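What follows is one structure encoded as structure tokens, with my remarks underneath.
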Amino acid sequence: MVAAVVCMLAAWFATAQNSSVKDQLAAKEQRLENLYAEYWRADYEVQQGKAGSSTQAVEEQIRAVISDPAFQRALEAARFTDPVDLRRRQLFLDEAGADEVANDPKLSALVQSIRDEESATRYKVGDRSLTRGEVNNIIGHEPDRRLRQQAWEARAQVTEKVGEQVRQAMKLRNQLSLRFSKRPFPDAALARKGLTRARITYWFEQIRAGSDPEYHRLVERMRRELRVTKVEPWDLEYYFSTLSRASEDKFFEREQAWPKIKRLALSLGYDFDRLPVQVKIADITFGGSTYPIFYGREVRILVNKYAGLRFTDTLLHEAGHALHYCFDDQGSFLLRNNYSEPFDEGLGQVMSLMLYRPEVAKEYFGLTSDQAGSIIERYRLKSLFDLRELMADFLFELAAYDQPDQNLAELYNQNYSRLLGVAMHRRAVWAFDPFYASQPIYEHNYVLAEMFGRQVHHALEQRFGWRWGLEAGRYIRDKFFSQGARYTLDELLVRGTGEPLTAKYLIESWRVH
Ligand SMILES: [Zn+2]
Numbered sequence: 060m061v062a063a064v065v066c067m068l069a070a071w072f073a074t075a076q077n078s079s080v081k082d083q084l085a086a087k088e089q090r091l092e093n094l095y096a097e098y099w100r101a102d103y104e105v106q107q108g109k110a111g112s113s114t115q116a117v118e119e120q121i122r123a124v125i126s127d128p129a130f131q132r133a134l135e136a137a138r139f140t141d142p143v144d145l146r147r148r149q150l151f152l153d154e155a156g157a158d159e160v161a162n163d164p165k166l167s168a169l170v171q172s173i174r175d176e177e178s179a180t181r182y183k184v185g186d187r188s189l190t191r192g193e194v195n196n197i198i199g200h201e202p203d204r205r206l207r208q209q210a211w212e213a214r215a216q217v218t219e220k221v222g223e224q225v226r227q228a229m230k231l232r233n234q235l236s237l238r239f240s241k242r243p244f245p246d247a248a249l250a251r252k253g254l255t256r257a258r259i260t261y262w263f264e265q266i267r268a269g270s271d272p273e274y275h276r277l278v279e280r281m282r283r284e285l286r287v288t289k290v291e292p293w294d295l296e297y298y299f300s301t302l303s304r305a306s307e308d309k310f311f312e313r314e315q316a317w318p319k320i321k322r323l324a325l326s327l328g329y330d331f332d333r334l335p336v337q338v339k340i341a342d343i344t345f346g347g348s349t350y351p352i353f354y355g356r357e358v359r360i361l362v363n364k365y366a367g368l369r370f371t372d373t374l375l376h377e378a379g380h381a382l383h384y385c386f387d388d389q390g391s392f393l394l395r396n397n398y399s400e401p402f403d404e405g406l407g408q409v410m411s412l413m414l415y416r417p418e419v420a421k422e423y424f425g426l427t428s429d430q431a432g433s434i435i436e437r438y439r440l441k442s443l444f445d446l447r448e449l450m451a452d453f454l455f456e457l458a459a460y461d462q463p464d465q466n467l468a469e470l471y472n473q474n475y476s477r478l479l480g481v482a483m484h485r486r487a488v489w490a491f492d493p494f495y496a497s498q499p500i501y502e503h504n505y506v507l508a509e510m511f512g513r514q515v516h517h518a519l520e521q522r523f524g525w526r527w528g529l530e531a532g533r534y535i536r537d538k539f540f541s542q543g544a545r546y547t548l549d550e551l552l553v554r555g556t557g558e559p560l561t562a563k564y565l566i567e568s569w570r571v572h
């Protein structure tokens with residue numbers, strides 16, 4: 060009897076404690092929702108270069124809400140049984156774990172110093188002194204091969220400046236991660252997103268092996284069309300600039316892109332005129348960005364002043380994010396916001412890949428069958444290259460975290476040569492990739508997003524045939540756009556496509572039929 064009373068008291072006490080922890084979690088989520096709105100509004104200004112704009116103050120406020128050891132302990136101890144509560148707890152603890160590493164004062168200072176050094180770097184190319192953007196522009200567009208080579212080699216100049224610091228940042232992240240999450244940095248970062256190193260390396264190997272014949276045909280074609288005896292690293296990007304056709308530009312005028320995208324979206328039942336989405340074309344340093352200021356209530360798209368097909372493609376991708384942020388209705392802030400990146404980026408790709416469906420290219424963008432075939436083929440070739448490059452960058456990064464003291468230039472070049480099939484001439488160009496300092500363990504997300512996009516398109520074709528309308532639109536909204544972090548990436552894909560994330564539809568998309 061006494062034992063039962065004690066038991067009941069303990070149960071009552073535990074329930075009371077749990078509900079107080081739950082209330083605190085809800086209050087924190089509410090606070091985060093408002094702070095993030097402030098953060099995104101500030102970042103929207105920062106990215107457009109507005110004087111005096113900064114995200115620093117609000118970032119500190121966000122940190123203060125998340126970093127709360129006493130609450131964290133209470134949350135860990137709480138006996139939740141409801142799956143949604145369990146998921147919210149996991150999301151909060153994951154966020155706190157990631158923040159412990161990212162916001163370590165020593166690491167933050169180191170990363171900031173690398174960024175400052177990177178943006179101050181001017182690359183000596185011949186007798187010119189160039190910015191990163193100018194160097195990239197030469198590598199991607201300059202017909203003079205000698206100049207392209209010089210620009211490509213000049214990228215090693217930034218490694219001389221920041222390479223050692225990036226190595227230190229990797230070591231520090233590993234140390235911090237071992238302390239807070241009991242495993243090395245890459246493994247902890249991937250685990251938080253429901254991924255493992257083994258699965259990613261398995262997919263990457265499947266993708267490499269599965270696309271080898273197509274990729275080698277592409278390199279052979281480059282060699283022939285560029286009239287070179289051997290394809291070099293400074294030929295790869297450039298080759299794609301030689302493929303675009305000026306005759307297509309009239310279908311992809313910048314002013315026409317948004318009205319055309321709106322018509323396409325409307326055919327799926329998504330009426331942008333009635334959605335809280337604002338689009339702005341701006342001078343920014345990246346392709347585009349979409350801000351979920353308040354999910355369902357206020358969404359803003361910023362898109363670069365690109366020209367032609369590239370602009371339409373980018374804006375469609377951003378429209379995919381915007382639909383996601385409008386429709387994501389997963390209750391609490393963490394459930395709406397803390398989704399895995401391949402899911403969110405994948406939804407951007409679900410929309411941008413529509414452009415490369417013959418029916419859509421013809422009906423909504425006005426192309427002839429021949430023109431549609433041509434942009435589809437170019438996309439196929441470019442993604443064969445882009446995804447291999449991303450895989451090389453990411454595999455290098457994983458191996459670098461395993462043994463940061465090894466020769467990183469050699470490690471990078473081995474990975475790059477193996478995947479891209481070009482010689483790297485012993486140049487230490489690896490640190491030119493800004494992700495290693497600023498966005499560690501991230502580049503795989505773009506590969507996974509492409510896998511996601513292809514997998515979803517395949518499932519929709521199976522279900523709705525080639526022409527998608529309102530019914531397909533409702534399905535995509537229900538299974539994907541309305542989803543957030545309640546389910547993992549694989550759970551979402553199983554619910555929407557019948558199988559967990561797989562590389563097979565991406566590999567299939569590269570086969571010539
Ligand atoms: Zn995106």
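Take 60 as the starting number for the sequence shown in our numbering and just add one per residue.
Think of the CB as a built atom: it goes at the ideal place given N, C-alpha and C, for glycine as much as any other residue.
Just so it is clear, the structure is predicted and the values come from calculations on it, not from any experiment.
Top-ranked residue by Cα proximity to residue 204, from 498, 441, 291, 432: By one-based count along the sequence shown, residue 204 stands at place 145. Of 498, 441, 291, 432, the residue nearest in Cα terms is 291.
When 176, 159, 446 are compared against residue 241, the one with the closest alpha-carbon: Along the sequence shown, one-based indexing puts residue 241 at 182. Nearest option by C-alpha distance: 159.
At least three beta-carbon pairs within less than 8 Å, the stretch 536-543 to the stretch 559-571: no
Neighbourhood of residue 60 by C-beta, 6 Å cutoff - its chain only, sequence neighbours within 5 removed: Here residue 60 is taken as the residue at index 1 of the sequence shown, counted from 1. Low local confidence applies: a pLDDT of 48 at residue 60 is under 50, so the model's placement there is unreliable, and no value is given.
Residue 289 classed as buried or exposed, judged by whether at least 16 other C-beta atoms fall within 10 angstroms: In the sequence shown, counting from the first residue as 1, residue 289 sits at position 230. The residue is exposed, with fewer than 16 neighbouring Cβ atoms inside 10 Å.
Check whether residue 299 and residue 426 have beta carbons under 8 Å apart: Working through the sequence shown from its first residue, we reach residue 299 at position 240. Working through the sequence shown from its first residue, we reach residue 426 at position 367. Taking 8 Å as the Cβ cut-off, residue 299 and residue 426 do not qualify as a contacting pair.
Residue 218 versus 558, 492, 557, residue with shortest Cα-Cα distance: To locate residue 218, count along the sequence shown from 1; it is residue 159. Checking every option, the nearest Cα to that of residue 218 belongs to 492.
Distance, residue 230 Cα to residue 96 Cα: Walking along the sequence shown from the start, residue 96 turns up at place 37. Walking along the sequence shown from the start, residue 230 turns up at place 171. Whole-angstrom Cα-Cα distance: 33 Å.
Bridge partners - residue 339, DSSP secondary structure assignment: As a working mapping, residue 339 is identified with position 280 in the sequence shown. Answer is 361.
Selected residue, minimal CA-CA separation from residue 232, among 157, 197, 256: Your numbering for residue 232 matches position 173 in the sequence shown. Nearest option by C-alpha distance: 157.
heavy atom of ligand 1 below 7 Å from residue 512 C-beta: Counting from one through the sequence shown, the residue named residue 512 turns up at place 453. Incorrect: residue 512 has no Cβ contact closer than 7 Å to ligand 1.
Spatial distance of residue 125 from residue 501 (CA atoms): The residue you call residue 125 lines up with position 66 of the sequence shown. The residue you call residue 501 lines up with position 442 of the sequence shown. Their backbone Cα atoms lie some 22 Å apart in a straight line.
Spatial neighbours of residue 430 in its chain, beta-carbon cut-off 7 Å, leaving aside the 5 residues before and after: Position 371 of the sequence shown, counted from the start, is the residue given in the question as residue 430. Excluding positions up to five away in sequence, the list reads 307.
For residue 454 and residue 474, believed in contact at Cβ under 8 Å, the rounded distance: As a position in the sequence shown, residue 474 is number 415, starting the count at 1. As a position in the sequence shown, residue 454 is number 395, starting the count at 1. Right, the Cβ-Cβ distance comes to about 5 Å (below 8 Å), so this counts as a contact.
Integer Cβ distance of residue 130 from residue 83, believed to fall under 8 Å: Counting from one through the sequence shown, the residue named residue 130 turns up at place 71. Counting from one through the sequence shown, the residue named residue 83 turns up at place 24. Yes, they are in contact, since the Cβ atoms of residue 130 and residue 83 sit about 6 Å apart, within 8 Å.
Distance cut-off 7 Å: residue 404 Cβ against heavy atoms of ligand 1: Here the question's residue 404 lines up with position 345 in the sequence shown. For ligand 1, at least one heavy atom lies less than 7 Å from the Cβ of residue 404.
Assigned secondary structure, residue 241 (DSSP; H/G/I helix, E/B strand, else coil): Within the sequence shown, the letter at position 182 stands for residue 241. Coil at residue 241, not helix or strand.
Residue environment, residue 196, which counts as buried when at least 16 other CB atoms sit within 10 Å: For the purposes of this step, residue 196 is identified with residue 137 of the sequence shown, where counting begins at 1. Residue 196 comes out exposed.
Separation of residue 277 from residue 504, as counted between CA atoms: The count along the sequence shown starts at 1 and reaches residue 504 at position 445. The count along the sequence shown starts at 1 and reaches residue 277 at position 218. Between residue 504 and residue 277, the C-alpha separation is close to 24 Å.
Residues of its chain near residue 317, where Cβ-Cβ distance is below 7 Å and the 5 sequence neighbours each way are ignored: Position 258 of the sequence shown, counted from the first residue, corresponds to residue 317. Excluding positions up to five away in sequence, the list reads 338, 374.
Supposed contact pair residue 366 and residue 313 - C-beta distance, whole angstroms, cut 8 Å: Translated into the one-based positions of the sequence shown, residue 313 becomes position 254. Translated into the one-based positions of the sequence shown, residue 366 becomes position 307. Yes, residue 313 and residue 366 are in contact; Cβ-Cβ is about 7 Å, under 8 Å.
Per-residue DSSP class, three states only, for residue 452: As a first step, residue 452 is located in the sequence shown; it is residue number 393 there, counting from the start. It is helical.
Distance cut-off 7 Å: residue 376 Cβ against heavy atoms of ligand 1: In the sequence shown, the residue the question calls residue 376 occupies position 317. Under cutoff, so the answer is yes.
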